[in-house]
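Chemist: First the structure, then my questions, so here it is.
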Amino acid sequence: MRVGAGSLTTSADPAMLESLLEFLIQGVVLGGLYALFAVGLSLIFGVLDVINVAHGEFFAIGGYLAFGAVVLLHLPGALGVFGAAVGTFLLGLCVYPLLIAPLKRRLGGRPQGPLYLVLTLGLSTFLQSSLLAVAGGDYLRVPPQLTGILDLGVTAVSYQRLLVLTVAALLLTGLFAFLRFHSEGLAVRAVSQNPDAAQAMGINLPRIFALTLALGVALAGVGGALMAPLFNVYPAVGFPLTIKAFAITILGGMGNPAGALVASFVISIAESLSVMVIPSQWQNLIAFAVMIVMLMVRPRGLFGRSVPR
Amino acid sequence: MKPRARPLALAVAGGLALLPILLPHPFVLTIATQAAIWALLAASWDLLSGYTGQISFGHAGFFALGAYAAAAVTKHADVSPWLGLLVGATIAAAVGLLAGFPALRLRGHYLALVTLGLAEIIRLVAQNWMTLTGGPFGIHDYRGFSGLPTTALAYRQAMYLVVVAVVTAAIVVMYQVCERTSAGKAFRAIREDEVLAQTLGIDTTRYKLLAFVLSSGFAGLAGALYAYYVQLVSPSVASAATTSLIIGMAVFGGLGTLWGPVLGALVLYGLYEGLRFVGVVYNLVAVGLVIMVFVIYLPRGLAGFRRAA
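Residue numbers (the working numbering), protein chains in the order written: chain A, 921 to 1229; chain B, 304 to 612.
This is the structure in structure tokens:
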């Protein structure tokens, strides 16, 4: 039985299988990046009830930190990634006390509406243009942390891409283990489920909020450092990813990090396989189309726990 | 506004509006004309998001739709720009109506994300549909308004008057709808408590869709004015940075007042252009800061100062 589009002839099948595999592998690697990005975003939403529009700027900052460490200070690539993680984590620690908490205090118990969205949109504009002011708008090249290519027979994958996937897998495993087994992680989940009850049990809410935000953006920062050799670094590099990650988190169910993980791979694989059917410049449409359809049909997402507020 | 303050405010506004005619400098005229276009855009956003509480992150998309539709019909079908204004507004309003349907089910975050996704789709289509939109280079080489003087300075002056007249008329219409009709009351009721509004017998579906149509239509009108004034429409007008600037202007001016965002747009656009002398990159840093500071500490924006005084 012939599988696939009827227009393809029999003789094209081996080549088609080969490109199918190639696109599939690309999709999985891309999925690792999306997951690093979207899981953090989803975690932040789940715990703080804040959609971080500035998430992509932390991705960009991670890239710039890697550039600074590797190109300007001639440090090894691994230190660049580590520096990006620490730097974005520390920066992320400031966001809650400096921006979110004051707005929360002003609002008191009143409904927040979309004010946090507007606030983080302001942060995004501020960070992005600050990067532009400090580093300029040039595309900066960062040497890969790993060089060389793994030959898989049908296709080849650069070690850098495998590194992205491996680090993503390790970090996300670590994150989920932290959430599952560590007492702080337990506190994070408790706050995510019921902030008031968690506070009544003696959990320090501001501390958990600040920590969660920092963890989430640090994941994006690491992603930025790892992707810098593949994408180049410029101030707006992260913003399109933010928009795409919104689509992913909606597909996975907002505030559900595990759902975001699955949805990352669904979107990335759909995108890379789509190249076989539609022109490649249209592949970025897929995520948004999925998002809009999902919001109209099942707003809670594939694995969502609640309907939107 | 207090009744006795109104004639004075109108006189001051009228005097300021005539200033670029009395001091005809090309640079002043350019900034004043564009500021007026931004004022209309910020007011259109305020009608939907400030009055009705339906936060749109996609107004750059409606603006771009109006601009592209106007430029395209004039370039490809030789439609008169006077009619093109109507075409731009109508097409944006039609798409706004479509965007309004998911809004019937979605609130807050989710609506913002859908409209952001919609704007991103519009940007991608603009970038990739070469035959209609000219792709990354955009649409150019189409005629402007007929019947205006041909000498450079007189043309700019006439153009300024046309833009200010259209913008003023549009803002007066929006103001009348929001402040003088039952629709305006319904908009505010939906913003304050949608469920309560429904139980009071307000047809929330109808009024939400009306707010979407009016808001996107006027944003499209602003886009059409922009297209005929700048004589170039490129995909970047649909970028999230445009939306960010619109929201910044509205938040700066004070949500839910219409004249606040208009004032905010005029001041912030002046600041934005004025800061070009300091350095091109610092203007958006300032916009980001303005958004954050005003959301947290001055939620009523510039409009709030009048109330406090």
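Ideal placement from N, C-alpha and C gives every residue a C-beta, glycine not left out.
With B/Ala543 and A/Phe1159 assumed to form a contact (beta carbons below 8 Å), what rounded beta-carbon distance in angstroms separates them?
Modeler: Along the second sequence, read from residue 1 onward, the residue named residue 543 of chain B stands at position 240. Along the first sequence, read from residue 1 onward, the residue named residue 1159 of chain A stands at position 239. Here B/Ala543 really is in contact with A/Phe1159; their C-beta atoms are around 6 Å apart, less than 8 Å.
Chemist: For the stretch 1038-1053 of chain A, list every residue whose C-beta sits within 8 Å of some C-beta in chain B, in sequence order.
Modeler: Within the stretch 1038-1053 of chain A, Val1038, Leu1039, Leu1041, Gly1042, Leu1043, Ser1044, Thr1045, Phe1046, Leu1047, Gln1048, Ser1049, Ser1050, Leu1052, Ala1053 place their CB atoms closer than 8 Å to a CB of chain B, listed in sequence order.
Chemist: Look up B/Asp349 in the DSSP assignment and say whether it is helix, strand or coil.
Modeler: Counted from its first residue, the second sequence places residue 349 of chain B at position 46. Residue state, collapsed to three classes: helix.
Chemist: Can you give me the Cβ contacts of A/Glu942 inside the same chain, cut-off strictly under 6 Å, excluding the 5 residues immediately before and after it?
Modeler: Indexing the first sequence from 1 puts residue 942 of chain A at position 22. Taken in chain order, the residues that qualify are Thr1075.
Chemist: Please return the same chain residues whose Cβ sits closer than 6 Å to the Cβ of A/Leu1060, not counting the five positions on each side in sequence.
Modeler: Sequence index remark: in the first sequence, residue 1060 of chain A carries index 140 (1-based). Excluding residues up to 5 positions away in sequence, Phe987, Val1153 lie with their Cβ nearer than 6 Å to the Cβ of A/Leu1060 in the same chain.
Chemist: Quick check on the burial criterion: 16 or more other C-beta atoms within 10 angstroms. Buried or exposed for A/Ser1200?
Modeler: Along the first sequence, one-based indexing puts residue 1200 of chain A at 280. Its Cβ having fewer than 16 others within 10 Å, A/Ser1200 is exposed.
Chemist: Measuring alpha carbon to alpha carbon, tell me which residue in B/Lys488, B/Tyr572, B/Asp444, B/Leu313 is nearest B/Leu350.
Modeler: Residue mapping note: residue 350 of chain B aligns to position 47 of the second sequence, counting from 1. Of B/Lys488, B/Tyr572, B/Asp444, B/Leu313, the residue nearest in Cα terms is B/Lys488.
Chemist: Could you please tell me which residues of the stretch 1200-1222 of chain A, in chain order, have their CB closer than 7 Å to any CB of chain B?
Modeler: Taking 7 Å as the Cβ-Cβ cut-off against chain B, the residues of the stretch 1200-1222 of chain A that qualify are Gln1201, Trp1202, Asn1204, Leu1205, Phe1208, Met1211, Ile1212, Leu1215, Met1216, Pro1219.
Chemist: Please report the straight-line C-alpha distance between B/Leu513 and B/Met477, rounded to a whole angstrom.
Modeler: Translated into positions along the second sequence, residue 513 of chain B becomes position 210. Translated into positions along the second sequence, residue 477 of chain B becomes position 174. Between B/Leu513 and B/Met477, the C-alpha separation is close to 12 Å.
Chemist: In chain A, which residues lie with their C-beta within 8 Å of the C-beta of B/Tyr585?
Modeler: In the second sequence, residue 585 of chain B corresponds to position 282, counting from 1. Here the neighbours are Ser1049, Ala1053.
Chemist: When you compare the CB of A/Pro1022 with every CB in chain B, is at least one pair closer than 9 Å?
Modeler: For the purposes of this step, residue 1022 of chain A is taken as the residue at position 102 of the first sequence. Closer than 9 Å: yes.
Chemist: Find the residues of chain B that neighbour A/Phe1129, judging by a C-beta separation of less than 9 Å, and give them in chain order.
Modeler: Taking the first sequence and counting its residues from 1, the one referred to as residue 1129 of chain A is at position 209. Near A/Phe1129 there are no residues of chain B at all, since even the closest Cβ is about 16 Å away, more than 9 Å.
Chemist: Is B/Val465 near A/Phe1046, with beta carbons less than 9 Å apart?
Modeler: For the purposes of this step, residue 465 of chain B is identified with residue 162 of the second sequence, where counting begins at 1. For the purposes of this step, residue 1046 of chain A is identified with residue 126 of the first sequence, where counting begins at 1. No, these two residues do not count as a Cβ contact at 9 Å.
Chemist: Quick check on B/Ser485 - is its C-beta less than 9 Å from some C-beta in chain A?
Modeler: As a working note, residue 485 of chain B is residue 182 in the second sequence. No, B/Ser485 does not count as interfacial toward chain A.
Chemist: Whose C-beta lies closer than 8 Å to the C-beta of B/Ile594 among residues of the same chain, with five residues either side of it excluded?
Modeler: On the second sequence, residue 594 of chain B is found 291 positions in, with the first residue counted as 1. Cβ within range, chain order: Ser547, Ile550, Gly551, Val554, Phe555.
Chemist: Any idea if A/Met1211 is buried or exposed, counting beta-carbon neighbours within 10 angstroms, 16 or more meaning buried?
Modeler: Taking the first residue of the first sequence as position 1, residue 1211 of chain A is located at position 291. Label assigned to A/Met1211: buried.
Chemist: For A/Pro1017 versus A/Ala1130, is the C-beta distance shorter than 9 Å?
Modeler: As a first step, residue 1017 of chain A must be located in the first sequence, where it is residue number 97. As a first step, residue 1130 of chain A must be located in the first sequence, where it is residue number 210. Yes, Cβ-Cβ distance for A/Pro1017 and A/Ala1130 is below 9 Å.
Chemist: Contact criterion: CB-CB distance below 9 Å. Does A/Ala958 meet it with respect to chain B?
Modeler: Here residue 958 of chain A is taken as the residue at index 38 of the first sequence, counted from 1. No, A/Ala958 lies away from the interface with chain B (no Cβ there is under 9 Å from its Cβ).
Chemist: Show which residues of chain B have a CB atom less than 7 Å away from the CB atom of A/Ile1187.
Modeler: Looking up residue 1187 of chain A in the first sequence gives position 267. Result: empty, since nearest Cβ-Cβ is about 13 Å, beyond 7 Å.
Chemist: Can you find a CB in chain A that lies within less than 9 Å of the CB of B/Leu600?
Modeler: Counted from its first residue, the second sequence places residue 600 of chain B at position 297. One point to set straight first is that residue 600 of chain B is Tyr, not Leu, in the sequence displayed. Yes, contact with chain A.
Chemist: Apply the 10 Å Cβ neighbour rule to A/Leu1070 and answer buried if 16 or more other Cβ atoms are within range, or exposed otherwise.
Modeler: For the purposes of this step, residue 1070 of chain A is taken as the residue at position 150 of the first sequence. Label assigned to A/Leu1070: exposed.
Chemist: What does the alpha-carbon distance come out to for the pair A/Phe1101 and A/Arg1109?
Modeler: On the first sequence, position 181 is the one that residue 1101 of chain A refers to. On the first sequence, position 189 is the one that residue 1109 of chain A refers to. Cα-Cα distance, rounded: 11 Å.
Chemist: Less than 9 Å between CB atoms is the rule here; does B/His412 satisfy it with respect to chain A?
Modeler: Translated into positions along the second sequence, residue 412 of chain B becomes position 109. Answer yes: the Cβ-Cβ gap between B/His412 and chain A drops below 9 Å somewhere.
Chemist: Considering only DSSP beta bridges, list what B/His412 is partnered with.
Modeler: Counted from its first residue, the second sequence places residue 412 of chain B at position 109. Under DSSP, B/His412 takes part in no beta bridge, so it has no partner.
Chemist: Which runs of the alpha helix (DSSP H), 4 residues or longer, sit entirely within the stretch 961-1017 of chain A?
Modeler: 975-987, 997-1015
Chemist: Identify the contact partners of B/Ile424 in chain A, using a Cβ-Cβ distance below 7 Å as the criterion.
Modeler: As a first step, residue 424 of chain B must be located in the second sequence, where it is residue number 121. What B/Ile424 touches in chain A: Leu1205, Phe1208.
Chemist: Given this structure, state the Cα-to-Cα distance separating A/Phe1098 from A/Ala1134, to the nearest angstrom.
Modeler: Here the question's residue 1098 of chain A lines up with position 178 in the first sequence. Here the question's residue 1134 of chain A lines up with position 214 in the first sequence. The alpha-carbon atoms of A/Phe1098 and A/Ala1134 are separated by roughly 14 Å.
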